[in-house]
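Written out below as structure tokens is the structure these notes cover.
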Amino acid sequence: MRNPFLKAFSFSKLLPRIGRPRSVPGTVTYVGKKRETRSRLHLIDYTEKDISEASISTVAESLPFLDKPSITWLDITGVHDEEVIHDIGRHYNVHPLTLEDIANTTQRSKVEEYEDYLFVVMKMAYYAEDPGEVMIEQVSLVIGKNYVISFQEIEGDVLDELRDRIRSGRGRIRRLGSDYLMYAIMDSIVDHYFTIMEKISDEIEGLEEMLLLSADQDLLNRIYGLRQELIFLRKSIWPAREVMSLLMRTENDFVTDSVTMFLRDMYDHTVQAIETVETFREMVSAMLDLYLSTVSNRMNEVMKVLTIFAALFIPLTFLAGVYGMNFKFMPEINMRLAYPLWWAAAAVITVLMLIYFKRKKWL
Amino acid sequence: MRNPFLKAFSFSKLLPRIGRPRSVPGTVTYVGKKRETRSRLHLIDYTEKDISEASISTVAESLPFLDKPSITWLDITGVHDEEVIHDIGRHYNVHPLTLEDIANTTQRSKVEEYEDYLFVVMKMAYYAEDPGEVMIEQVSLVIGKNYVISFQEIEGDVLDELRDRIRSGRGRIRRLGSDYLMYAIMDSIVDHYFTIMEKISDEIEGLEEMLLLSADQDLLNRIYGLRQELIFLRKSIWPAREVMSLLMRTENDFVTDSVTMFLRDMYDHTVQAIETVETFREMVSAMLDLYLSTVSNRMNEVMKVLTIFAALFIPLTFLAGVYGMNFKFMPEINMRLAYPLWWAAAAVITVLMLIYFKRKKWL
Amino acid sequence: MRNPFLKAFSFSKLLPRIGRPRSVPGTVTYVGKKRETRSRLHLIDYTEKDISEASISTVAESLPFLDKPSITWLDITGVHDEEVIHDIGRHYNVHPLTLEDIANTTQRSKVEEYEDYLFVVMKMAYYAEDPGEVMIEQVSLVIGKNYVISFQEIEGDVLDELRDRIRSGRGRIRRLGSDYLMYAIMDSIVDHYFTIMEKISDEIEGLEEMLLLSADQDLLNRIYGLRQELIFLRKSIWPAREVMSLLMRTENDFVTDSVTMFLRDMYDHTVQAIETVETFREMVSAMLDLYLSTVSNRMNEVMKVLTIFAALFIPLTFLAGVYGMNFKFMPEINMRLAYPLWWAAAAVITVLMLIYFKRKKWL
Amino acid sequence: MRNPFLKAFSFSKLLPRIGRPRSVPGTVTYVGKKRETRSRLHLIDYTEKDISEASISTVAESLPFLDKPSITWLDITGVHDEEVIHDIGRHYNVHPLTLEDIANTTQRSKVEEYEDYLFVVMKMAYYAEDPGEVMIEQVSLVIGKNYVISFQEIEGDVLDELRDRIRSGRGRIRRLGSDYLMYAIMDSIVDHYFTIMEKISDEIEGLEEMLLLSADQDLLNRIYGLRQELIFLRKSIWPAREVMSLLMRTENDFVTDSVTMFLRDMYDHTVQAIETVETFREMVSAMLDLYLSTVSNRMNEVMKVLTIFAALFIPLTFLAGVYGMNFKFMPEINMRLAYPLWWAAAAVITVLMLIYFKRKKWL
Amino acid sequence: MRNPFLKAFSFSKLLPRIGRPRSVPGTVTYVGKKRETRSRLHLIDYTEKDISEASISTVAESLPFLDKPSITWLDITGVHDEEVIHDIGRHYNVHPLTLEDIANTTQRSKVEEYEDYLFVVMKMAYYAEDPGEVMIEQVSLVIGKNYVISFQEIEGDVLDELRDRIRSGRGRIRRLGSDYLMYAIMDSIVDHYFTIMEKISDEIEGLEEMLLLSADQDLLNRIYGLRQELIFLRKSIWPAREVMSLLMRTENDFVTDSVTMFLRDMYDHTVQAIETVETFREMVSAMLDLYLSTVSNRMNEVMKVLTIFAALFIPLTFLAGVYGMNFKFMPEINMRLAYPLWWAAAAVITVLMLIYFKRKKWL
């Protein structure tokens, strides 16, 4: 197997990802796998000139930074820790419905404006090398005037590069506000979609090569797996377009004009990602048609071989059977030339059959 | 059978659910199965501090509660009792078209604003363990300034949890008005869609596992059953999106601003439910394609086995037939080495055939 | 045949129903079958208190009723009588394009506002028991301030119930104006769509039952017939949605506020009818897929039987052929145990083959 | 062959009709077949009372009519004559882009308003009896205040009836302005679409009849041809809807209110034509499915016959082979009853096989 | 092979064209193949009367032309040279996001308005004769008040004709502003789409011809290749419609009214190109269906031949086998007429079988 990508893919994994919301509105209920560990809180606080970083253990520790004019990014890994989420609600004045959506990681991507903050839910997609699998993770963002709180399900390195950029002061990120930080985080996520696209593109290429060599059941299962994966990927990415579009168009107090231009750019990339998934779907669909037609063609070939063999030998076998009969009075039996003549007849029949098949273009 | 879910599914059940409206406009005509029992009326009246509950026998008994500022929830089970429905019309000043829609349980989901009340029709979906079947039931809501009247076809436990919440005073339900009660009822219904989704998700998983083992007619029938079920489920849920969207956008006297935010959340869940059904449909469609391709592949394999057997033995049988002929003058017959040579020839032919099949990758 | 519904269905009938408009704009040209009979004119004139009914022979006889404040319903059966239509044009001041559309029964459903009247075209669908066939008929309505003129192609009983209601004074029809009469006629037509739906629903159920028993060519032809019928039904009903929507939204002098609520209800029913047709189409499409898969499965089964027979006996036949050869020097021939040993060998081969097929799950 | 319609249809003809625009914007470049003949100019000038007709040889000859209040229709046949088109541009003040679109006959249908005139491009479809083929031709209209210039590619009789109507003064055409003349020309074109529809309807009927009799390759090719033809027809007619819709909605100086009503009617007919093409496409698609299923069914039947023959005789042949062996010691050989017993055994086996096939419903 | 067009087509080429954006927003990163050569800068500066042309080596050399009222067209070939792109940014005040989009050649087509300029991205498609392949290349345009900067990936001759037109002063290009130059460049690109359409049209024609002769695996692969190519072409061209539409509708300082009319024309051509691709897709899809049906038909024919042979000879072979048995007591054996009677029986059986097959229409 050239590409281990979908080898590890199992059907059942798709389904838990199609989630359900909670029962009591406004209740913080984590829906993922049970985890024992506590959430990890990481804080970056920066102005154009200064930057300070800290791993804190309670939400309360982040509050002093709020009063300063600097931009504060509180990155929370793990949304299974209900205490932390309730603390966020208390200290940052976050609406219970928002808290609920943060904990419930089966949300659709969305953007909602509240009085004190903007709330964004997105789906992060990345390829985990270890189990060799595509992972979809929910990232929630609470964007206030001078802070951004981000929530991830598990630790990932998608945002590491962004953190490096903030530390090094590269680009314009240190000069702009919390809206640009929001943009930078979302942009990293959208950018990462294309890593997945490249993986899938490799897989399609590999399957196409295999298809030219053979068309067996294993290949079919892999095409099927890829197709289900694309159905699922599309479901995850599709709503992002709406999010971007809403962010761009809606007037609100949290996104400044200078950032709108960047959102427009990000919108383009999201549309491109979605169109690429659609293109992949069409390509996989065409591939499946090719597979089916190839199988039909091969069956046809098998049938021809069978028919040719049967049609060549069945009449001859009959002819042999005739002279194997034990009738007393069979005049041919005693003729000297009967046996060579029989062979001559067999040869003529064979040649005629071959000409017939040639005409039918079966040979 | 791993999952009894669709085992119990029979085709004919879908069709009665695709209903027809009545003939004379504004006539209360129950369209379901005949029932002898009377409707059951259950009343909950609550303020933030107090709560009283009662099972009443006539609609008139609920009227005293109307004049109080408390929120009254009159829950009516059974819409086949035309007298009760007419009473509602008389006492609560409900329009005949509304009464008709309540009794006719084949309505599309909809929301309509009348002068004195808001009228909402929704489809409740739940999985009845006993016959092992998905049930679709119509729930109609009449929402007035300080009351909600709900109509269900048969007794169910979908709303039990909500009743418990009101009794215990959990959440914000006791503090808010009839619009929040409406939201809470509708939200319970939407939430329940996801229970069905989980059942179907289990079924898809099970079918996929079976598909890897065998591709028989029984599996095919189950895929078909699932597909029809999804066509039907989609037809039931789809209009709910419109309902939510209308409720959110239309300005009316019955929904206050504080509840709009919750409606927005419920809208998101409805969209998620619909998208999940669409995703299921695509998955089932992919599964059917996989099934068909698998059947083709197996037929191909069967054909190959047949062809190999036929092509190996038919020439040999012919060769045996030749020397079974009774011609007098067959010089080979009397040769000492003829028989071993014949076996040698047979072996050579067999080996050549095997090489040929090997080259064609049939072995 | 359980259901004679589609038995009588013949392909060619669909096509004449896909009509063509006339050549000279504003010319009254009847396009249906030639008819010798004259149009029949039936008149009902009513107020809340009084009602008078008459069969009249010329349009002019209806004019005296026009000046009275009562509501006049002039029902004309047969649009092949150009004289009658021209009379309507002259006496009621109806536009030539309207007259043309009345006579040309291949129109799309539509609603058009003219200065003096509203013009509505609808498709009536009903099941004619006698030839056992679905009939589509055009109904045109001219709605003035205090009159409604309706045109039907042939006599039908779809509107009979409505006439009874007017006569008996049941419902609100006698109390309201010509707009409510228009609504009542259109509603009767929409209601009748559901009769057809029920017939089709029965047919689908029947076909599904047959499908479980056998998958023969006759069943296939019936599925095809049903599918064509649904294509056609959809084409007929679809534009009705637009008509209803336009009637509801457009402000005009002919529809009063009190009737708008009823139109909204009728709109819902029309949408429901259209959605039901779509659902049927999907169900029939799923049924066709099931049919095809079932045929594939059966072919597979046939192939397996053939292959098993061939693979079991072909090697044995060969083995028998070997010892049927007449070579002089065949040592086995003369051995005492040869014959029982031969049978033993045959048995071993057979058992091995059976084990092989068992492993392949062909048995 | 019942219907020569598609017999004459060849695949390659579709493709040249899918055209390309020119390279230098505003250049008059004819793209069709080279023609030697000059364009023919025919002029009709009429008021309600008078009418004069003339065949002129240069565009300049038509100018005197322009200053008169009468309506002038200049009908130009042949757009390959660049001189004539340039003359139109010079004398009638027509924009170069318009001239280019007139000469380039691969345009999409469209309507464009210029300062002095309205420009309309439409596709005329008609059935040319001589080669037995559907022809698509571009008709361009330049509509000024009191004149209409029409351009056709080749001479046709689609507009002849209209000319007769003008000559005879039938209908309202002589009483109304150039906008009604425009409508009358366009309406003739739309009307002609239905002639094509009828031809196709006949063809579909014919193919359906054939399908019930046999399902051979010739029928398949004809279904394919029809399908390609419909793809093409749809591409030609589809944009006409937009044209009609724009003409109706846009306010401009060229279309008066009295004509708008007629445009609305023509819009309905165009929509009807498009919907009919869509319906045909669905019917042909259903027909193809029926064809494929029928082929599958027949293959199944062939397989059954083969399997029954093989399964009946292969065991018997084996049994005969057994007693054809030449072993010395075969006790059965010498028994008196052996031969009749052998026949009895053969009969029993045959009966058992027949019962087996009966049970499987293969007989 | 009649047409080498798709012969050279290989699957893997599609995928690199589905690109990914960069990681750090506003970074100029070239994504194509590494190139050593420097970008080539070509400058045309013209007024209605004068024209001067120059190949320059740095962006700075173009600055003197900026202050003159003449129109300056700076054509840059090669976007891999980051220095040149940064120079453009510095000297022409171009936004970093624009620079990034210029270098990243996997952009979607788009139009963006900035303060000082309009930015347009388009996809150029052309057929490279040398490798015999369709190439897609990104062309970016920066349109200022009196200049246009164009960026191409590699040298091509699509714009050569335009340059000639400017040099010769043909058409209106020398008289109009930078917006008309922008239009002229874009129009050249759109026009070139039709060259590709013609190539594909030739290919479809060729495949259809082949399909009538044979239906082999090679043809199937070519249909598949064409289908993938069309999926990709559509993805490239589709967004151009949006670009044109935005350019026409949006009010901005860069497009004057006199050019809007030309944009409208270009929009029509773009829509025509897109519709042609859609039509091709439908035709290829129909072709694939025809292919599959043809394969089914041929399989059917093969099966019939096999079945006829088997059914004719298997019973006869059995009959021969019977009289090949060595039973002592077989009365027929010794009868004089047995042998001729046997042949008579064989003939009768054969005739009966032939009649049977004739009835089934297999012969």
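Chains A, B, C, D and E are the protein sequences, given in the same order. Taken in order, the first sequence gives residues 1 to 363; the numbers are from this note's numbering. Taken in order, the second sequence gives residues 364 to 726; the numbers are from this note's numbering. Taken in order, the third sequence gives residues 727 to 1089; the numbers are from this note's numbering. Taken in order, the fourth sequence gives residues 1090 to 1452; the numbers are from this note's numbering. Taken in order, the fifth sequence gives residues 1453 to 1815; the numbers are from this note's numbering. Every residue gets a Cβ at the ideal spot worked out from N, C-alpha and C, and that includes glycine. Small disclaimer: the values here were computed from a predicted structure and weren't measured.
| query | result |
| --- | --- |
| Sufficient close CB pairs (3 or more, under 8 Å) joining the stretch 1694 to 1709 of chain E to the stretch 1559 to 1568 of chain E | yes |
| Within chain C, the residues that residue 1360/D reaches when beta carbons sit closer than 7 Å | 834 |
| Near-chain H residues of the stretch 1731 to 1747 of chain E (beta-carbon distance less than 8 Å), N- to C-terminal order | No chain H is part of this structure, whose protein chains are labelled A, B, C, D and E. |
| Three-way DSSP call (helix, strand, coil) for residue 780/C in this model | strand |
| Contiguous alpha helix (DSSP H) assignments of at least 4 residues, all confined to the stretch 51 to 125 of chain A | 63 to 66, 82 to 92 and 96 to 103 |
| Cβ neighbour criterion (16 or more within 10 Å) applied to residue 953/C | buried |
| Every unbroken beta strand (DSSP E) inside the stretch 1581 to 1629 of chain E [3 residues or more] | 1585 to 1595 and 1599 to 1604 |
| Limits of the unbroken alpha helix (DSSP H) element including residue 652/B | 620 to 685 |
| Three-state secondary structure (DSSP) of residue 403/B | strand |
| Segment contact flag, the stretch 273 to 292 of chain A with the stretch 154 to 162 of chain A, C-beta cutoff 8 Å, min 3 pairs | no |
| Residue 1009/C: CB within 7 Å of a non-hydrogen atom of the ligand GDP | Within the structure as shown, the ligand GDP is missing, as the structure has no ligands at all. |
| Contacts that residue 1050/C makes with chain D (C-beta to C-beta distance below 7 Å) | 1410, 1413, 1414 and 1415 |
| Residue 442/B vs residue 465/B beta-carbon contact at 8 Å | yes |
| Within-8 Å CB hit, residue 666/B to chain C | yes |
| Reduced DSSP category for residue 565/B - H, G, I as helix; E, B as strand; rest coil | helix |
| 8 Å contact criterion, which residue 162/A and residue 143/A should meet: CB distance rounded | Residue 162/A to residue 143/A, Cβ: 15 Å. No contact. |
| Proximal residues to residue 385/B (C-beta, below 7 Å), its chain only, five neighbours per side dropped | Its pLDDT being 49, under 50, residue 385/B is placed unreliably by the model, and the measurement read from it follows with that caveat. Contacts found: 392, 463 and 467. |
| Test: residue 329/A CB closer than 8 Å to a CB of chain E | yes |
| Contact with chain C by residue 1315/D, beta-carbon distance below 8 Å | no |
| Within 8 Å of chain D by C-beta, residues of the stretch 774 to 790 of chain C in sequence order | none |
| Selected residue, minimal CA-CA separation from residue 633/B, among 65/A, 52/A and 107/A | 107/A |
| Proximity test, Cβ basis, 8 Å: residue 214/A and chain E | no |
| N- and C-terminal bounds of the alpha helix (DSSP H) containing residue 391/B | Neither: residue 391/B is in no alpha helix (DSSP H) and is coded neither H nor E. |
| Selection from 52/A, 122/A, 88/A and 71/A that minimises the alpha carbon distance to residue 167/A | 52/A |
| Pair within 8 Å by beta-carbon distance, residue 423/B and residue 454/B | yes |
| Spatial neighbours of residue 515/B in its chain, beta-carbon cut-off 6 Å, leaving aside the 5 residues before and after | 440 and 502 |
| Nearest-angstrom Cβ-Cβ length linking residue 1387/D and residue 1752/E, presumed shorter than 8 Å | 6 Å |
| Residue from 362/A, 179/A, 44/A and 349/A with nearest C-alpha to residue 64/A | 44/A |
| Nearest-angstrom beta carbon gap, residue 1270/D and residue 1262/D [assumed within contact, 8 Å] | 7 Å |
| With 16 other Cβ atoms within 10 Å as the buried cut-off, status of residue 193/A | buried |
| Short CB-CB distance (under 8 Å) between residue 1708/E and chain A | no |
| Supposed contact pair residue 322/A and residue 1817/E - C-beta distance, whole angstroms, cut 8 Å | Outside the modelled stretch of chain E, which goes from 1453 to 1815, sits residue 1817/E, for which no answer is possible. |
| Simplified DSSP state of residue 1342/D, which is helix, strand or coil | coil |
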